[in-house]
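From first to last, the protein sequence lines are chains A and B.
Residue numbering for the first sequence follows the numbering used here, starting at 1 and increasing by one per position.
Residue numbering for the second sequence follows the numbering used here, starting at 594 and increasing by one per position.
Glycine included, every Cβ here is placed at the ideal spot set by N, Cα and C.
Report on one structure; see the data block that follows.
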Amino acid sequence: MDGVKRTDGWLALREYAAIGDGRTVALVGSDGAIDWLCLPDIDSPSVFARVLDRDRGGAFRLAPTDAHGVERRYLPDTNVLETTYTTAGGVARVTDAITLPLPGLAPTRELVRRIDGLSGSVDFAWSIEPRFAYGERPRIERRGSIAFASARGDAIAVAAWDADVVQCGGGEISGSFAVEAGRTATIALAHAHEEPVVVPARTDVDRRLDETMRFWREWARGRSYDGPWREHVIRSALALKLLVFAPTGAIAAAATTSLPERLGGDKNYDYRYSWIRDAAFTMNAFVELGCSREADAFLSWLMHASQLTHPELRVLYQLNGREEAAERELPLEGYRSSAPVRVGNGAAGQLQLDAYGDLLDAAWIYAADGLDAEIGARLAGIADFVCETWSSEDSGIWEIRGETRHFTEGKMKCAIALERACSLAERGLVPDEHRTRWQSEAEKVREFVETRCWSEPRRAYTRSADADDLDASVLLAGQNRYSAERDERLSATIDVIRRELGAGAFVYRYSGAEAEEGAFVACSFWMVSALARAGRVDEASELMEEMLAAGNDVGLFAEQIDPASGEFLGNFPQGLSHLALVNAAFAIEEARR
Amino acid sequence: MSAWAALAGGFVGTVVLTSTMRAATALQLTRMDLPFLLGTAFTTDRRKAKVVGYVLHFSFGLAFSLIYWTVFAAIDHAGFILGGLFGVAHALFAGTALVGILLPAVHPRMAHDLTAAQSTPLLETPGFMLLNYGRQTPVVAVAAHIVYGAIVGGFVALAA
Chain A
1 MDGVKRTDGW LALREYAAIG DGRTVALVGS DGAIDWLCLP DIDSPSVFAR
51 VLDRDRGGAF RLAPTDAHGV ERRYLPDTNV LETTYTTAGG VARVTDAITL
101 PLPGLAPTRE LVRRIDGLSG SVDFAWSIEP RFAYGERPRI ERRGSIAFAS
151 ARGDAIAVAA WDADVVQCGG GEISGSFAVE AGRTATIALA HAHEEPVVVP
201 ARTDVDRRLD ETMRFWREWA RGRSYDGPWR EHVIRSALAL KLLVFAPTGA
251 IAAAATTSLP ERLGGDKNYD YRYSWIRDAA FTMNAFVELG CSREADAFLS
301 WLMHASQLTH PELRVLYQLN GREEAAEREL PLEGYRSSAP VRVGNGAAGQ
351 LQLDAYGDLL DAAWIYAADG LDAEIGARLA GIADFVCETW SSEDSGIWEI
401 RGETRHFTEG KMKCAIALER ACSLAERGLV PDEHRTRWQS EAEKVREFVE
451 TRCWSEPRRA YTRSADADDL DASVLLAGQN RYSAERDERL SATIDVIRRE
501 LGAGAFVYRY SGAEAEEGAF VACSFWMVSA LARAGRVDEA SELMEEMLAA
551 GNDVGLFAEQ IDPASGEFLG NFPQGLSHLA LVNAAFAIEE ARR
Chain B
594 MSAWAALAGG FVGTVVLTST MRAATALQLT RMDLPFLLGT AFTTDRRKAK
644 VVGYVLHFSF GLAFSLIYWT VFAAIDHAGF ILGGLFGVAH ALFAGTALVG
694 ILLPAVHPRM AHDLTAAQST PLLETPGFML LNYGRQTPVV AVAAHIVYGA
744 IVGGFVALAA
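Okay, structure coming up:
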């Protein structure tokens, strides 16, 4: 029993699990350390960021002091994590959650770690090194039995019950205790932002923890999916729910910033924003999963966020709908020395044509039950804008910095945008004055794609017009129905992409990406969807099984995976990866019907 | 001297004081939130607490303006500067005795320095000169009360 090993202080990214409350997300390592937590919200500065800096980042450690074995899982159908430690002296179980608020006075955010003794006796040690604002040491003091740490507008209070007397010193709050069979210890971390801290009481902590488990179970059991791989689909739905920012309905692309796409590399970006690009995937997943409230909130957020820039779309928006995303670098070492660590995202101001198709497609999926007239008018304006803009070069779905092209996937999405607008107009949901123009422009876009983005020698859609290189994003032509089912060109493209961008079950984003980064998880699931829609269901199912096995022990995915080592790369947990997983399962289920 | 002028000054002064304290909170100079502290003495609902707290805070602002007026009348002198000096005394009283000691003593959900986590949620104590809510809190509180006092004193002097 030697527990979980860190390499030079770093834990492999696949060793993390995520817990959250719809406002923020914490990453819990399999060694019991919480190495990432931003407060009060997912896009706020960090309190724990050891995943980005071993010394300055801060963490909440909790583990047995003796040699131990570790098993962990999510409690079924919840976002509550359960880790079981076995030592020579006994067995103990740690339950980790960010609790949901109940009526009554409660902390603004509350992280709870409950330790139950199952057999024998297990000695634990714990320490909290809070580092507000990405590494700032707070003032730490003890008042009675409660420890407080504060810096500027933020403070945390740490209450521990049967977890030994809290000790404060050296920039940390710590304690140690033994838990015996049948006994329970609890540590609660309460946060306050711009107000006094509400210190939790033990009975209320227990009640909130129980209610949090109940909420997650009820939410998961309310999902309508009964197809294949239900366990993985529901886990992905729960992961996505963690990324939904409850106050607005926006979905964060991931819970972290600057986890590297290549170890030691500089492709480290802040994903705590909501991308228009993910809109159609999100809406499709929400509708198929029976998440009508989340779908309502998401469309409402989409239209709210894009209102000020109408008819143009920003690539990404803050979770509260604001458009500012100024990028800056932080003085943190970066995961395994992968610098720089960035907050903000410089891609926000790019032109990405695919975003327009995604927005119209999302609205089209949502509009099965009708559409608000004001939203319809806005969509018409966006379709008009696409008519003016589709012939421009853009930065593409992958947000290539400093390079614009006529990216194929963007052009396909422009055709989708205009065709969805026509469809909505036919149903009377969008003003139809310009429908003829939209139809005419859509045909021109399709002609452009089919003549300049199709390579007859390669028998594939290429990455961009008049180019030879490949891009896995064109696989979306099946999912978004640019291509008809069993379309020959798409089927041929699938084969070429598998051959040239594939690495086992994995798929790289574009030609040459293997030298820059890992394989892109979403692209691999897009391949599954594309195979299913091409009628190659057995191939799709086989690939799906391989991909699901590549997730970590609790069913989560990062943005990328190193095909050679299986190591996770990029931000985590990644919404797009889980959206692609869910949509791949839907595609196979649909193809099997 | 006009008590009505004092009340008008108290109202305007409380608006400015509240806005100043809120701005200081937004600028992360302090976590002091008086309406939240006052309101949670009566309800555990955060939203209702803020509403109740603002009503109470404005009531206290008016009440204190009458106390200022009483002293102005007793010494037969009022003005911006004198009001500002009263504001300093007011802030020191609030930071030490009123909020620092009296409020924790009567607030049903606020901890004393020596109490442990009990069966009801406990609000963080303000501490001496409200320092528990951030090191800049005394500076912000004194500055805001100087402005409050100056406005009350000014209104009374102008109406005299």
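Between B:G654 and the rest of its own chain, which residues show a CB-CB distance below 6 Å, the 5 nearest in sequence each way excluded?
G603 and T607
I'd like to know if A:R152 contacts chain B, where contact means its C-beta is closer than 8 Å to some C-beta of that chain.
Residue-level contact check: A:R152 touches chain B, since one or more beta carbons of chain B fall below 8 Å from its beta carbon.
Using 7 Å as the cut-off, classify the Cβ of A:G32 as near or not near the heavy atoms of the ligand COA, replying yes or no.
This structure does not include the ligand COA; it has no bound ligands of any sort.
Taking only beta-carbon atoms, is B:D626 less than 8 Å away from chain A?
yes
Taking 8 Å as the CB-CB cut-off, is B:L715 touching chain A?
yes
Exposed or buried, A:L242, counting other C-beta atoms within 10 Å across all chains shown (16 or more means buried)?
With 16 or more Cβ atoms within 10 Å of its Cβ, A:L242 is classed as buried.
With respect to the alpha helix (DSSP H) encompassing A:E329, which residues constitute its N-terminal and C-terminal limits?
A:E329: not part of any alpha helix (DSSP H); member of the beta strand (DSSP E) spanning R328 to L330, first to last residue.
Which residue comes first and which comes last in the alpha helix (DSSP H) that contains A:T78?
From DSSP, A:T78 is part of no alpha helix (DSSP H); its letter is neither H nor E.
Is the CB of B:A710 under 8 Å away from at least one CB in chain A?
With a pLDDT of 43 at B:A710, under the threshold of 50, the predicted position of this residue should be treated as unreliable, and no value is reported.
Where DSSP assigns a beta bridge to A:A155, which residues make up the other side?
A:S150 and A:A192
Consider the Cβ of A:E194: report whether some Cβ of chain B lies at a distance smaller than 8 Å.
yes
Got a sec, what are the start and stop residues for the beta strand (DSSP E) A:A465 sits in?
Neither: A:A465 is in no beta strand (DSSP E) and is coded neither H nor E.
Can you find a C-beta in chain A that's less than 8 Å from the C-beta of B:R639?
yes
Looking at A:T184: is its Cβ nearer than 8 Å to the Cβ of A:R230?
no
Run through DSSP, which three-state label would B:A617 get?
Secondary structure at B:A617: helix, using DSSP grouped into helix, strand and coil.
Where does A:T212 sit, in a helix, a strand or coil, going by DSSP?
helix
Which stretch, first to last residue, makes up the alpha helix (DSSP H) that contains B:G677?
Run containing B:G677: F673 to F686, per the alpha helix (DSSP H) assignment.
Mind listing the chain A neighbours of B:G680? Cutoff is C-beta to C-beta under 9 Å, in chain order.
Those within 9 Å of B:G680 in chain A number zero; the least Cβ separation is about 23 Å.
Which same chain residues end up closer than 6 Å to A:S577 when comparing Cβ atoms and leaving out the 5 residues on each side of it in sequence?
Taking A:S577 as the centre and dropping the five residues before and after it, the same chain places the C-beta of V521, A522 and F557 closer than 6 Å to its C-beta, in chain order.
Are there 16 or more other CB atoms within 10 angstroms of the CB of B:I739, so buried, or fewer, so exposed?
buried
With a 10 Å radius around its C-beta and 16 neighbouring C-beta atoms as the bar for buried, classify A:D35 as buried or exposed.
buried
What is the DSSP secondary structure of A:D553, reduced to helix, strand or coil?
coil
Against chain A, with Cβ distances strictly below 8 Å, would B:A734 count as a contact?
no
Relative to the C-alpha of B:L685, which residue among B:A737, B:V699, B:I668 and B:A667 is closest?
Among B:A737, B:V699, B:I668 and B:A667, the Cα nearest to that of B:L685 belongs to B:A737.
Kindly list, in the order they appear in chain A, the residues whose Cβ is closer than 9 Å to that of B:Y726.
Simply S150, A155, E195 and P196.
Could you tell me whether any Cβ in chain A is nearer than 8 Å to the Cβ of B:W662?
no
Just curious, the alpha helix (DSSP H) that B:F651 is in, first and last residue?
R639 to I668
Alpha carbons only, please: which of A:V554, A:F298, A:P130 and A:L263 is nearest the one belonging to A:G169?
A:P130
Looking only at its own chain, which residues have a Cβ that is under 6 Å from the Cβ of A:D154, when we skip the five neighbours before and after it?
Taking A:D154 as the centre and dropping the five residues before and after it, the same chain places the C-beta of F132 and H193 closer than 6 Å to its C-beta, in chain order.
Relative to the C-alpha of A:V496, which residue among A:T462, A:S529 and A:A467 is closest?
A:T462
By DSSP, does B:P628 sit in helix, in strand, or in coil?
DSSP, read as helix, strand or coil, puts B:P628 in helix.
Among A:L263, A:N268 and A:P247, which residue has its Cα nearest to the Cα of A:A254?
A:N268
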